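Asker: Following this message is one structure expressed as structure tokens.
2 protein chains.
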Amino acid sequence: MIRKSPLILRIIDELVADGQLGQSVLQRHFSKGHSLFAQGASTSNVYFIRSGIVKCTFTEDQEKEYILEFLGEGEVLGEIEAICKTPAMSTVRTISELSTYMMDKTSFLDLLRRHAGFNAAILELMAVRLVNTATRSARQQLNTLEHNLANLLEVLEYERLPCTKQELADYLGITLRSLNRLLGGRVV
Amino acid sequence: MIRKSPLILRIIDELVADGQLGQSVLQRHFSKGHSLFAQGASTSNVYFIRSGIVKCTFTEDQEKEYILEFLGEGEVLGEIEAICKTPAMSTVRTISELSTYMMDKTSFLDLLRRHAGFNAAILELMAVRLVNTATRSARQQLNTLEHNLANLLEVLEYERLPCTKQELADYLGITLRSLNRLLGGRVV
DNA sequence: TTTTATTTGGGACATTTGTCCCACGCCCTG
DNA sequence: CAGGGCGTGGGACAAATGTCCCAAATAAAA
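As structure tokens, then:
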């Protein structure tokens, strides 16, 4: 449920340690509840999560919000916007303390061009995300109850995931009421 | 609704014209209804659509199937499997005559490594797909009726899209009955 | 042309999900 | 301590969606 990418973090860690990235990378820390990107706003940086968790949300009419994904260690934020040169497609908000490496978009694109290993890692990261996003979307339409249950079992992580029932419901794309029903009297 | 990518097609066309790809690329033609990939099966090639349309579907229990996307000119098939070295994540079937360039996975990865422009184009293709997949997933959860209507209006393309009502319903993630209700007596 | 299958459209009812509303428990602050 | 805000849990009813089934229209096959 929480996506991670140890490989990317390792690459960045090494590059930073070697001093190869010079001034283009700096560490930044965010407290819980802080907003890194606002859907529709332009962006100027790319972040690599060193530790902590963020949630990416999408909203259409400001009322309800849909949670696209939870991202943890090694995950990259803002890379899509850097690559496509488009405004932020989703809002990204921390749901725990967050430690990151921050890099401006130009440096990111540069690194992508010059560092073959990094390039391959980002390609794979995006491919994996695409698969996850697509299968989740499909499962949500195909399974309904079963998937909910399966997912809620998978929520062993739930205890580690500092999120509210409302957020879980947003993730499942249902209302809080419905979630409660599923959690409560399983039998009709 | 039907995704396309003129840029990629142009790049491949040029490479083929220049003869830079040698034997690694060949043209292949498929008739309507043919299956290029089967979900879960291993793959060995990557395809570039020259003309025609395919639908990518995902199924969980073989009963219902969810349509992930319709792909047209310039779109790439099998690139995710090549990059991640995983089995096909979805089934891909032609819904019209299809003309393609076919390339084995190794050559594809090679081209990705050697050709900066191609690399950038694929990166952007995947980023765009990710955005589309994610926003569609989100909208499907957030909008319900409105989105359906909006989408069905967008189905001006409907006439060009040789698909059945059942396929439209699969795309929307609803049953055929529900689709008919939405199309028919709009008012309760 | 007749027959058979596919596609389409819709009625009737069960099930699911959403909406509205209320209540309890917890934390925090005045 | 009292009151406000928030997260949680659930009852009751409305609305949406699925399931089952049937019928007309269209396309494909005999």
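Residue numbers (my numbering), protein chains in the order written: chain A, 1 to 188; chain B, 1001 to 1188.
C-beta atoms are modelled at their ideal positions from N, C-alpha and C, and glycine is treated no differently.
No experiment lies behind these values; they were computed from the predicted model shown.
Which of the three DSSP states is assigned to S90 (chain A) in this structure?
Answerer: Assigned with DSSP and collapsed to three states, S90 (chain A) falls in coil, not helix or strand.
Asker: Between which two residues does the alpha helix (DSSP H) containing R1010 (chain B) stretch?
Answerer: 1006-1018
Asker: Quick check on N1180 (chain B): buried or exposed, where buried means 16 or more other Cβ atoms within 10 Å of its Cβ?
Answerer: exposed
Asker: Determine which residues of the stretch 71-95 of chain A have a Cβ less than 8 Å from any Cβ of chain B, and write them out in chain order.
Answerer: Here the close residues are E79, I80, I83, C84, T86, M89, S90.
Asker: Closer than 8 Å is the cut-off here; do at least three beta carbon pairs connect the stretch 67-75 of chain A with the stretch 13-24 of chain A?
Answerer: no
Asker: Any beta-carbon of chain A closer than 9 Å to the one on A1041 (chain B)?
Answerer: At a cut-off of 9 Å between beta carbons, A1041 (chain B) makes no contact with chain A.
Asker: Take S1024 (chain B) and list the residues in its own chain whose beta-carbon comes closer than 7 Å to its own, dropping the five residues that flank it on each side.
Answerer: M1103, D1104, S1107
Asker: Buried or exposed: which applies to S1005 (chain B), given that a residue is buried once 16 or more other Cβ atoms fall within 10 Å of its Cβ?
Answerer: buried
Asker: Look at the alpha carbon of L1112 (chain B) and the alpha carbon of N119 (chain A), and state the distance between them as a whole number of angstroms.
Answerer: 10 Å
Asker: Please classify R1177 (chain B): is it buried, with 16 or more other beta-carbons within 10 angstroms of its beta-carbon, or exposed?
Answerer: exposed
Asker: Which value, in whole angstroms, describes the spacing of the CA atoms of K165 (chain A) and L183 (chain A)?
Answerer: 10 Å
Asker: Taking the C-alpha atoms as reference points, what is the distance between G33 (chain A) and I83 (chain A)?
Answerer: 27 Å
Asker: Along chain A, in chain order, which residues have C-beta atoms closer than 9 Å to that of L1142 (chain B)?
Answerer: F58, T59, E60, D61, E63, K64, E65, Y66, G173
Asker: Note the first and the last residue of the continuous alpha helix (DSSP H) segment covering N1132 (chain B).
Answerer: 1116-1142
Asker: In the DSSP assignment, what are the bridge partners of M103 (chain A)?
Answerer: According to DSSP, which records beta bridges pairwise, M103 (chain A) is partnered with A:V25, A:V46.
Asker: Use the C-beta contact count for K85 (chain A): other C-beta atoms within 10 angstroms, 16 or more gives buried, fewer gives exposed.
Answerer: exposed
Asker: Do F1048 (chain B) and M1089 (chain B) have their C-beta atoms closer together than 9 Å?
Answerer: No, these two residues do not count as a Cβ contact at 9 Å.
Asker: Would a check of beta-carbon distances place T100 (chain A) closer than 9 Å to chain B?
Answerer: no
Asker: Does the structure place the stretch 1129-1139 of chain B close enough to the stretch 127-145 of chain A that three or more beta carbon pairs sit under 8 Å?
Answerer: Verdict: yes, contact present.
Asker: So, does the CB of T1133 (chain B) fall closer than 9 Å to a CB anywhere in chain A?
Answerer: yes
Asker: Buried or exposed: where does A1150 (chain B) fall if 16 or more other Cβ atoms within 10 Å of its Cβ makes it buried?
Answerer: When all chains shown are included, A1150 (chain B) counts as exposed.
Asker: Just to confirm the assignment, what range does the alpha helix (DSSP H) spanning S178 (chain A) have?
Answerer: 176-183
Asker: Quick one: what does DSSP say L161 (chain A) is sitting in, helix, strand or coil?
Answerer: DSSP places L161 (chain A) in coil when its eight states are reduced to three.
Asker: Quick one: measure Cβ to Cβ for K55 (chain A) and I95 (chain A), integer angstroms, because I've assumed they're closer than 8 Å.
Answerer: 5 Å
Asker: Could you check how far apart the C-beta atoms of Y1066 (chain B) and D1170 (chain B) are, in whole angstroms? I think they sit under 8 Å.
Answerer: With 8 Å as the limit, Y1066 (chain B) and D1170 (chain B) qualify as a contact, their Cβ atoms being about 6 Å apart.
Asker: Check the Cβ of V128 (chain A) against every Cβ in chain B and list those closer than 7 Å, keeping chain order.
Answerer: Simply C1084.
Asker: What does DSSP give as the partner residues of S1031 (chain B) in its beta bridges?
Answerer: Partner(s): none; S1031 (chain B) has no beta bridge.
Asker: Quick one: what does DSSP say I83 (chain A) is sitting in, helix, strand or coil?
Answerer: I83 (chain A) falls in the helix class under three-state DSSP.
Asker: Would you list the one or two residues that DSSP bridges to Y1066 (chain B)?
Answerer: DSSP, once it has assigned bridges, lists B:F1058 as partnering Y1066 (chain B).
Asker: Label S31 (chain A) either buried or exposed according to how many other C-beta atoms from any shown protein chain fall within 10 Å of its C-beta, with 16 as the threshold for buried.
Answerer: exposed
Asker: Between I1049 (chain B) and chain A, is the shortest Cβ-Cβ distance under 9 Å, so that the two count as touching?
Answerer: no
Asker: Mind checking whether the beta-carbon of S44 (chain A) lies closer than 8 Å to any heavy atom of the ligand ZN?
Answerer: Among the components of this structure there are no ligands whatsoever, and the ligand ZN is therefore not found.
Asker: Would you mind giving the Cβ-Cβ distance between A121 (chain A) and I8 (chain A), rounded to the nearest angstrom? I have them listed as a contact below 8 Å.
Answerer: 5 Å
Asker: Rounding to the nearest angstrom, what Cα-Cα distance links R186 (chain A) and Q140 (chain A) in this structure?
Answerer: At R186 (chain A) the pLDDT is 46, less than 50, meaning the model places this residue with poor confidence; the figure from the coordinates comes in the next sentence. Computed Cα separation, rounded: 19 Å.
Asker: Whose Cβ in chain A lies nearer than 9 Å to the Cβ of A1116 (chain B)?
Answerer: R113
Asker: Please check if any C-beta of chain A sits within less than 9 Å of the C-beta of E1124 (chain B).
Answerer: yes
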